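Since the structure comes first, as structure tokens, the remarks are kept for the end.
In full-length UniProt numbering, the protein residues as written are 1 to 518.
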């Protein structure tokens, strides 16, 4: 059977924390139930007792307002003031009825119910008298209302107020008793929680002492072993531990000490071999350093040549890009010229159309002039028939005929000129079409030239990039070679340092104390 010291540290700590958590849970659960009980009592105190006292006092306040109103009704002579007081009294009575209904609906013990019944009985006796007095006052029978108020209403009102005071007194006493019970419950809950907390504290302290004791003893033993090993003594024994993690630690320290014994013995034998090998490595590194420096010089010359070649190719690429830009500009100019020729051709076609329309209009004018001439001729014939009476009309007809002939001559001349203009415009349009086709051919030729130049520019750029990459690679090789040279020098220095350190290691290992062989 395992003892306490054989338990794992995690289990010990878990048991300790579990005990503390269980005690905390017990305190919390008990506190919750205690608070629920106290909360119920407080709820009863606030929701029922205090509310009942408040509503009863509200009834008393409203009844005092009614009493003042009754007094005013008995003393006032102004009709409007009396009506206002009566209205206020009725409002108070309505509110009193609502408050008493709420009180009746509440939770009451036997004594509170009896006292509330006494209040209702007083109200039952008081309300008819008050209503009768208010009716007399409303009917302008002030003297009768005053006598009724002073002789009958006031005594009943006093009894009404006395019953209300008795109910309020009883509810206040109940509220005080509930408050005392609540305070007692809180005190009991606090005492029990304190006792449980003290018990949990005692158990936790005892368990913490046991856990601390089971941890610190093996740790002191482990500390002694590590101090002895750090001083170079590997011959001493390691005490056996328990079955927990600290016991495992002590056994691991024992194994570590045994491994260190083997390690130190092996290091002593190998340190001299390391010193001899490091000297040979230093000599080889010296030869390698010389060859690496020669290779670095050749790579630097190659890198300079590649840089010059790259500059030449980059200049070619720049020239190709500039030629490409110029070709693009010429292409754009040719395109704009072709567009201008197309616009001019469209304008000439419009002019041709307009000229033909004008020619048609001139033909119409010529036809009108011809018809006018015929009409003037007919008019001259008719005026000749008329004799002396138609002579004036004949003169007018002759003038009209002359104008018609002149209009016809002018129309024929205009038609001839327009025909010549149309022929010239057609010739110009044909020439513009030929120019347009030529411009399109120029644009296509420039486009092909641009494509060729773009190909040359792209090829030059690719060549420049390739040469740059080659130059970068050569530069990287140069850098790596120089780094290798530096590393070779460092390696030589490290080999020399290794030889020195191996010698020092032999001296350092000799300070460890190993058990004497049997």
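Glycine residues also receive a C-beta, built at the ideal position from the N, C-alpha and C atoms. All values reported here derive from a predicted model rather than from experimental measurement.
* Asked: Using 8 Å as the Cβ pair cut-off and three pairs as the minimum, do the region 147-154 and the region 195-212 touch?
  -> no
* Local Cβ density within 10 Å of residue 367, reported as buried at 16 or more and exposed below that -> exposed
* Just the Cα atoms here: how many angstroms apart are residue 139 and residue 77? -> 13 Å
* To do: Given a cut-off of 8 Å, decide if residue 129 and residue 86 are closer than it, judged by their beta-carbon atoms.
  => no
* **For residue 409, the three-state DSSP class (helix, strand or coil)** => helix
* Asked: Given a threshold of 16 other Cβ atoms within 10 Å of its Cβ, counted over all protein chains shown, does residue 17 qualify as buried or as exposed?
  -> exposed
* Expressed to the nearest angstrom, what Euclidean distance is found between the alpha-carbon atoms of residue 550 and residue 438? -> What the structure shows of the chain is the stretch from 1 to 518, and residue 550 is not part of that stretch, so it cannot be assessed.
* To do: Compute the Euclidean distance between the alpha carbons of residue 317 and residue 459, then round it to the nearest angstrom.
  => Near 8 Å, if we compare the C-alpha coordinates of residue 459 and residue 317.
* Locate the alpha helix (DSSP H) running through residue 80, then write down its first and last residues. => Note, residue 80: alpha helix (DSSP H), 79-105.
* What residue does the alpha helix (DSSP H) around residue 61 start on, and which one ends it? -> 51-75
* To do: Please classify residue 140: does DSSP put it in a helix, a strand, or coil?
  => coil
* Smallest Cα separation from residue 484: which of 126, 286 and 103? -> 286
* Name the residue from 270, 82, 231 and 221 whose alpha carbon lies nearest to the alpha carbon of residue 252. => 221
* Asked: Quick one: any contact between the region 180-190 and the region 112-128, if contact means 3 or more CB pairs under 8 Å?
  -> Three or more beta-carbon pairs separated by less than 8 Å are not found between the region 180-190 and the region 112-128, which leaves the two stretches without contact.
* Asked: Skipping 5 residues on each side, what residues in its chain have a beta carbon closer than 8 Å to that of residue 197?
  -> 23 and 27
* Asked: Whose C-alpha, out of 100, 117, 406 and 66, is nearest the C-alpha of residue 84?
  -> 66
* To do: Pick helix, strand or coil for residue 505, following the three-state DSSP scheme.
  => helix
* Taking C-beta to C-beta, are residue 295 and residue 479 nearer than 8 Å? -> Not in contact: residue 295 and residue 479 (Cβ atoms no closer than 8 Å).
* To do: Using a threshold of 8 Å, state whether the C-beta atoms of residue 175 and residue 59 are closer than that.
  => No, Cβ-Cβ distance for residue 175 and residue 59 is not below 8 Å.
* Could you tell me if residue 255 is buried or exposed, where buried requires 16 or more neighbouring beta carbons within 10 angstroms of its beta carbon? => Residue burial is scored here from C-beta neighbours: residue 255 has fewer than 16 other C-beta atoms within 10 angstroms and is therefore classed as exposed.
* Counting Cβ pairs, one atom from each stretch, are 3 or more of them under 8 Å apart for the region 378-396 and the region 418-433? -> no
* Asked: Which value, in whole angstroms, describes the spacing of the CA atoms of residue 365 and residue 448?
  -> 56 Å
* Burial state of residue 500, where buried means 16 or more other Cβ atoms lie within 10 Å -> exposed
* Would you decide whether residue 418 is buried or exposed? Buried here means 16 or more other CB atoms lie within 10 Å of its CB. => buried
* Asked: Does the separation of the CB atoms of residue 411 and residue 369 fall below 8 Å?
  -> yes
* **Whole-number beta carbon distance between residue 156 and residue 121, since they are thought to touch under 8 Å** => The pair is not a contact, with the Cβ atoms about 11 Å apart (cut-off 8 Å).
* Where residue 520 falls, given that 16 or more other Cβ within 10 Å makes a residue buried -> Since the displayed the chain opens at 1 and closes at 518, residue 520 lies outside it and no answer follows.
* 8 Å contact criterion, which residue 164 and residue 63 should meet: CB distance rounded -> The Cβ separation is near 7 Å, so the contact holds.
* Asked: Using the beta-carbon count (16 or more within 10 Å), is residue 235 buried or exposed?
  -> exposed
* Asked: For residue 118, which residues of its own chain have a beta-carbon under 8 Å away from its beta-carbon, when the five flanking residues on both sides are left out?
  -> 163, 166 and 167
* Verify whether the separation of the beta carbon atoms of residue 55 and residue 103 is less than 8 Å. => Remark: C-beta atoms of residue 55 and residue 103 approach each other more closely than 8 Å.
* Asked: Apart from the five residues on each side of it in sequence, which residues of its chain come closer than 8 Å, Cβ to Cβ, to residue 31?
  -> 189 and 193
* What number of angstroms, rounded off, separates the C-alpha of residue 276 from the C-alpha of residue 262? -> 23 Å
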